[in-house]
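Residue numbers (the working numbering): 117 to 203. The next block holds one structure in the form of structure tokens; read it before the comments.
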């Protein structure tokens, strides 16, 4: 199995940068795990989407899309659970 490339757009990187260091470190560790296994245990497929998933890290949710053809994981947001599903 090939490794996936993880893309973190600038607005999402800013969300991550604003977090407390300990939380940020845990989230970045989880994002790195997505490189090897984008559908690991604890991952939930979001309803109404073919390829959008979320994974929980404490009180935070990382939402992302998987492109299996290109082996890309695109992080779409990283927010506190109370804000995670608002757009």
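Heads up, the beta-carbon is just placed ideally off N, CA and C, and yes, glycines get one too.
Residue i versus the options, residue with shortest Cα-Cα distance
i           : options               : result
residue 177 : 121, 153 and 128      : 128
residue 145 : 134, 171, 163 and 130 : 171
residue 147 : 179, 134, 186 and 200 : 179
residue 136 : 198, 174 and 154      : 174
Unbroken alpha helix (DSSP H) run spanning residue i, endpoints
i           : result
residue 148 : 137 to 152
Other residues of its chain near residue i: CB distance less than 8 Å, five sequence neighbours each side excluded
i           : result
residue 123 : 188, 189, 190 and 191
residue 132 : 124, 140, 143, 144 and 194
residue 159 : 169, 170 and 171
Chain-order list of residues whose beta-carbon lies under 6 Å from that of residue i (same chain, five-residue window excluded)
i           : result
residue 168 : 162 and 181
residue 151 : 119, 120 and 122
residue 183 : none
Cβ-based neighbour list, residue i, same chain, cut-off 7 Å, excluding 5 preceding and 5 following
i           : result
residue 130 : none
residue 156 : 149
residue 196 : 175 and 176
Residue i - containing beta strand (DSSP E), residue span
i           : result
residue 183 : 176 to 183
residue 124 : Careful: residue 124 lies outside any beta strand (DSSP E) and carries neither H nor E.
residue 192 : 188 to 196
residue 134 : Taken as a continuous stretch (DSSP letters only), residue 134 belongs to no beta strand (DSSP E), as it is neither H nor E.
residue 120 : Looking at the DSSP string, residue 120 is not in any beta strand (DSSP E), and its letter there is neither H nor E.
residue 170 : 168 to 173
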